[in-house]
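Report on the following structure.
Number of protein chains: 4
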Amino acid sequence: MTRAMPGVRQTPVSPPVNLTSREHRSESTVVQVGPASFGGRRVTVIAGPCSVENRAQTLETALAVKAVGAGMIRGGAFKPRTSPYSFQGLEEEGLCYLAEVREATGLPIVTEAMDYRQVELVEKYADMIQIGARNMQNYTLLRDVGRLRRPVLLKRGPGATVQELLLAAEYILAEGNTQVLLCERGIRGFDTATRYTLDLSAVPLLKQLTHLPVIVDPSHATGNWTLVGPMARAALAAGADGLIIEVHPQPDRALSDGAQQLTPDHFAGLMDELRLVAAAVGRAL
Amino acid sequence: MTRAMPGVRQTPVSPPVNLTSREHRSESTVVQVGPASFGGRRVTVIAGPCSVENRAQTLETALAVKAVGAGMIRGGAFKPRTSPYSFQGLEEEGLCYLAEVREATGLPIVTEAMDYRQVELVEKYADMIQIGARNMQNYTLLRDVGRLRRPVLLKRGPGATVQELLLAAEYILAEGNTQVLLCERGIRGFDTATRYTLDLSAVPLLKQLTHLPVIVDPSHATGNWTLVGPMARAALAAGADGLIIEVHPQPDRALSDGAQQLTPDHFAGLMDELRLVAAAVGRAL
Amino acid sequence: MTRAMPGVRQTPVSPPVNLTSREHRSESTVVQVGPASFGGRRVTVIAGPCSVENRAQTLETALAVKAVGAGMIRGGAFKPRTSPYSFQGLEEEGLCYLAEVREATGLPIVTEAMDYRQVELVEKYADMIQIGARNMQNYTLLRDVGRLRRPVLLKRGPGATVQELLLAAEYILAEGNTQVLLCERGIRGFDTATRYTLDLSAVPLLKQLTHLPVIVDPSHATGNWTLVGPMARAALAAGADGLIIEVHPQPDRALSDGAQQLTPDHFAGLMDELRLVAAAVGRAL
Amino acid sequence: MTRAMPGVRQTPVSPPVNLTSREHRSESTVVQVGPASFGGRRVTVIAGPCSVENRAQTLETALAVKAVGAGMIRGGAFKPRTSPYSFQGLEEEGLCYLAEVREATGLPIVTEAMDYRQVELVEKYADMIQIGARNMQNYTLLRDVGRLRRPVLLKRGPGATVQELLLAAEYILAEGNTQVLLCERGIRGFDTATRYTLDLSAVPLLKQLTHLPVIVDPSHATGNWTLVGPMARAALAAGADGLIIEVHPQPDRALSDGAQQLTPDHFAGLMDELRLVAAAVGRAL
Chain R
1 MTRAMPGVRQ TPVSPPVNLT SREHRSESTV VQVGPASFGG RRVTVIAGPC SVENRAQTLE
61 TALAVKAVGA GMIRGGAFKP RTSPYSFQGL EEEGLCYLAE VREATGLPIV TEAMDYRQVE
121 LVEKYADMIQ IGARNMQNYT LLRDVGRLRR PVLLKRGPGA TVQELLLAAE YILAEGNTQV
181 LLCERGIRGF DTATRYTLDL SAVPLLKQLT HLPVIVDPSH ATGNWTLVGP MARAALAAGA
241 DGLIIEVHPQ PDRALSDGAQ QLTPDHFAGL MDELRLVAAA VGRAL
Chain Y
286 MTRAMPGVRQ TPVSPPVNLT SREHRSESTV VQVGPASFGG RRVTVIAGPC SVENRAQTLE
346 TALAVKAVGA GMIRGGAFKP RTSPYSFQGL EEEGLCYLAE VREATGLPIV TEAMDYRQVE
406 LVEKYADMIQ IGARNMQNYT LLRDVGRLRR PVLLKRGPGA TVQELLLAAE YILAEGNTQV
466 LLCERGIRGF DTATRYTLDL SAVPLLKQLT HLPVIVDPSH ATGNWTLVGP MARAALAAGA
526 DGLIIEVHPQ PDRALSDGAQ QLTPDHFAGL MDELRLVAAA VGRAL
Chain V
571 MTRAMPGVRQ TPVSPPVNLT SREHRSESTV VQVGPASFGG RRVTVIAGPC SVENRAQTLE
631 TALAVKAVGA GMIRGGAFKP RTSPYSFQGL EEEGLCYLAE VREATGLPIV TEAMDYRQVE
691 LVEKYADMIQ IGARNMQNYT LLRDVGRLRR PVLLKRGPGA TVQELLLAAE YILAEGNTQV
751 LLCERGIRGF DTATRYTLDL SAVPLLKQLT HLPVIVDPSH ATGNWTLVGP MARAALAAGA
811 DGLIIEVHPQ PDRALSDGAQ QLTPDHFAGL MDELRLVAAA VGRAL
Chain E
856 MTRAMPGVRQ TPVSPPVNLT SREHRSESTV VQVGPASFGG RRVTVIAGPC SVENRAQTLE
916 TALAVKAVGA GMIRGGAFKP RTSPYSFQGL EEEGLCYLAE VREATGLPIV TEAMDYRQVE
976 LVEKYADMIQ IGARNMQNYT LLRDVGRLRR PVLLKRGPGA TVQELLLAAE YILAEGNTQV
1036 LLCERGIRGF DTATRYTLDL SAVPLLKQLT HLPVIVDPSH ATGNWTLVGP MARAALAAGA
1096 DGLIIEVHPQ PDRALSDGAQ QLTPDHFAGL MDELRLVAAA VGRAL
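Residue numbers (our numbering), protein chains in the order written: chain R, 1 to 285; chain Y, 286 to 570; chain V, 571 to 855; chain E, 856 to 1140.
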């Protein structure tokens, strides 16, 4: 990955309509990541632990979620934590474990990169690069991944409007990368009964406005594992093209976000429910 | 309905746990309104126009929504409008039309009362009394309907937390009326892409916290008829016990909230979709 | 106070411009309440306890705040409490104590009425009637006080926009009562570090849009007495026409909202600070 | 500036209390930037255009704001714009103009860097480096500037709590850089009457919680130049240690954010007002 030095950057020429819009492209974009796809009839569930903590935990989780139908594995190696004193991720060691998981399961991997130095590293290991909610408007990072030819999972910032999410994606598309998957993961609201307010209306709205696929992260949105199942079902019923769900063999011992992670057993039960809901709205899982 | 004069009111004695809580009553309350019920296996769709505008429009809408499975009819006779210069409703004339609709369809009627004087009137005509979102914390009104033995539809205020909604319901139950149906109808959020932010996570959360049934109003929440269908499906998938949906024969000519009202045809199509989603989550419609 | 029965109400005829607007009346309205005034060069501080708890507490507080320059006394007799099991106020007994306080201090009194039955009672005792934040969109109540010839203190609802506040005031003016004082008291926000988010920008914005005077309630907004002083100073610097501040002789023993009430000593110190800030922006206190 | 490669990073050891807290350091930190200081008795106003557009505009603005008492110059060379098709800044050319402005005025310069590569460049030209609101939780960038010995202006993200702002600053302090200036610049709220909701209560709250100085940006918060003056006055009255205000010779022709920029004349008038308010709260300007 090379990049022109600052100082020679130019504002991209604005197209007649934004590249993310249905006006630009009426047909839905299907983002293909190895055997997994987003945006077609089939919905895909990405699952895995919040953080990659060690080889055993990562592999055990991946095999468990694969066994019940997950189509892709998630796991954090670089963790954007609110406090500098919280566990920050295993970094490259974590990426190696994710690569082993891919070998063992045959499933593609998504993990987050927080800046361009991490992008260089993540690109070597992961099938899809996640831009986290906190970096949704990190425009130089958006451009960096826009120059890759690797699918990008772009999460909505908790303080960002739907329009701002689309314009963030526009930064990526304007650099040439059209393989962008949008993710609603909860926005700031006044009620602290849930961690964030899951804005599910954004799903059908985005599906009207853009050809890009849209998935939902009920784990971060609710911060409460007992709400993950109902909101995952609701997301599919609302038209989401996929889900990203946190699963941990022992949530109570997780190094991050234990309260929102499902056990493999709960996840298995949820997958059964999701198959029924997907079918009810004309989709397959 | 009689009420003690101010000056002799006493703060109710607090029960060991709140009357609305699952701790107080673990079994789900089923609110029965004539043939319609909320809180059991069956989900009920309430439908009808935002405002009762005239006899023909009300009756036409009611017959159309009944024909495709609506279980109850809604229609506003007293309209809480943001501006004093907007159409304020037909008042008692509107209530008369609603009574005719009940005769013609056999379906129960719900309509809003905004104060004590209107409660006396609405009680004569309607099967369920709605306390609107703007009056969710009108505590004297809550007590007034708490002394009735008529089911109450209590809508969440757009600036109210889930906890505040439950405590508003507590005012009604503390007066002896346990037939209360809660309704999520969108809360204030920063994104103006939708009218309000539909807080669907509140549905499973409320179902955990309270034995009272919970329905969802996707029409007011989104303010956009194209989003009503997806969010109605999502609400059932999240576990809602029912829906309240606005339908108008000619939304473009509606005296209030035209943009969010479905045509009878769209409503018919939606009911087919909702039957499938309800079945997928083990419910019937 | 007489009121037409429901059924004969008619939507008021819309004036060319709203009655609350500067277009309708460019000159600032001065709301005069006995010796106190709002909207002229002089700013007025309303002070007193959150709730009227007993004669001694009310009188002691009133005399203390008068001694250091408060221009009007507040105190709640009918208390809109989130829980039905919280102290609900002394009701008419509390109004009697407020009347005694007026006798003893010569200062006018403001207290809240939550419905029209309370309005009839409050009107007998108080110089200004408060419509609380929870009732800002209780339109029948707004009309009731619109037919009085008694000044009204209208508090902004925590989920209400500036535009909705103005339209709520419009309900009162449309009935003929032009003596309306608006109050910003904090809105819903996502940060729980303060109870509400004090929207001080609403003050200069309202002063541009309307001729009605605007005051600020830093006590309810912050819910934290240590922030009341700085935000009271800020409110005057932003152009507020007055303040309403809660003071209690022993905040730790208050029956409601102790955490946000100042002691008389702190209030005295604050009044000294406020005089300096008022002078710095060309006002007097 | 060197940085360890990803893979060898370690979570910093948590101190007994956070480095930003008053418990860690009770005395207020004074951030000194050349002749300008923040956190002592004197308040400092930073002023300048939103974007550096050309040499003449930048110099003209700087001389004008210096003449009436601004203590520091701002101007954007790298602009984080919501749309990729908006003007993105002059980049290094803009930094050169800012350096000329420093020569011509003797005032220190602050400008934004959006990533590590820009930090290297900005560090050569600017006296203080701004981390913008969209990058408040860009943790690798926070660490990058934490390793510098250059003052940092850290703006609160529009979706960030006060606690999250403090923890973002903690990332910088944990790397050894204690010269951090916090800035409240408006948060997401539901009322679109202003661009953001200026959370002025955060100012006294932050002053209690942290020893770091706190300034306010009324320009971005309100997005409306007619509100900048009142909110600037309010910020000082609430205890802010400084202000950052946008000024443009011809706001109507500005390449970014024209609606919120003051003319030099309005700025001059505002400085006179601010001197009076500062004096009223025991500060000097």
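For each residue, glycine too, the CB sits at the ideal point set by N, CA and C. Given the structure is predicted, the values throughout are model-derived calculations rather than measurements.
DSSP three-state assignment for residue 672(V), whether helix, strand or coil: helix
Residue 288(Y) - DSSP class collapsed to helix/strand/coil: Low per-residue confidence applies at residue 288(Y): pLDDT is 40, beneath 50, and the placement is therefore not dependable enough to give any value.
Classification of residue 958(E) by the beta-carbon crowding that lies within 10 angstroms, buried from 16 upward: exposed
Other residues of its chain near residue 1103(E): CB distance less than 8 Å, five sequence neighbours each side excluded: 904, 905, 912, 916, 1109, 1113, 1116, 1117, 1118
Extent of the continuous alpha helix (DSSP H) run through residue 648(V): Note, residue 648(V): premise wrong, no alpha helix (DSSP H); not H, not E.
Neighbour flag for residue 486(Y) against chain R, beta carbons, 8 Å: yes
Under the three-state DSSP convention, the category residue 183(R) falls into: strand
Assigned exposure category for residue 282(R) - 16 Cβ within 10 Å defines buried: exposed
Chain R contact for residue 759(V) (CB, 8 Å cutoff): yes
Under 8 Å between C-beta atoms of residue 117(R) and residue 522(Y): no
Option nearest residue 396(Y) by Cα separation, candidates 569(Y), 555(Y), 529(Y), 570(Y): 529(Y)
Close Cβ partners of residue 413(Y) (< 6 Å) along its chain, the five nearest in sequence each way excluded: 318, 395, 436, 438
Presumed contact (8 Å Cβ cut-off) between residue 288(R) and residue 131(R), rounded CB distance: Chain R is shown only over 1 to 285; residue 288(R) falls outside these bounds and no answer can be derived.
Those runs of the beta strand (DSSP E) which lie wholly inside the stretch 994 to 1068 of chain E and span at least 3 residues: 1007 to 1010, 1035 to 1039
Selected residue, minimal CA-CA separation from residue 617(V), among 715(V), 606(V), 600(V), 635(V): 635(V)
For residue 86(R), three-class secondary structure by DSSP: coil
Reference residue 1050(E), options 1019(E), 1082(E), 1094(E), closest by Cα: 1082(E)
Reduced DSSP secondary structure (H/G/I, E/B, other) of residue 240(R): coil
Inter-residue spacing [alpha-carbon to alpha-carbon] between residue 52(R) and residue 252(R): 15 Å
Minimum Cβ-Cβ distance from residue 161(R) to chain V less than 8 Å: no
Bridge-paired residues (DSSP) for residue 333(Y): 531(Y)
Proximity of residue 629(V) and residue 647(V) at Cβ, strictly below 8 Å: no
Contact set between the stretch 1088 to 1105 of chain E and chain V, restricted to residues whose Cβ is under 8 Å from the partner: 1088, 1089, 1090, 1091, 1092, 1093, 1094
Simplified DSSP assignment, three categories, for residue 37(R): strand
Rounded separation between residue 18(R) and residue 1095(E) - CA only: 41 Å
Contact check, residue 284(R) vs residue 41(R), beta carbons under 8 Å: yes
Residue from 1067(E), 1057(E), 1017(E), 1039(E) with nearest C-alpha to residue 1076(E): 1039(E)
contact_flag[the stretch 1017 to 1027 of chain E, the stretch 1055 to 1069 of chain E] where n(CB pairs < 8 Å) is 3 or more: yes
C-beta atoms of residue 443(Y) and residue 314(Y) nearer than 8 Å: no
Closest residue to residue 738(V) among 726(V), 787(V), 596(V) (Cα-Cα distance): 726(V)
Residues sharing a beta bridge with residue 111(R), DSSP: 129(R)
Collapsed DSSP secondary structure at residue 57(R) in the structure displayed: helix
Residue from 925(E), 926(E), 978(E) with nearest C-alpha to residue 950(E): 978(E)
Within chain V, partners of residue 192(R) - CB distance below 7 Å: 762
C-beta neighbour in chain V for residue 991(E), strict 8 Å: no
Helix, strand or coil at residue 832(V) according to DSSP, with G and I counted as helix: strand
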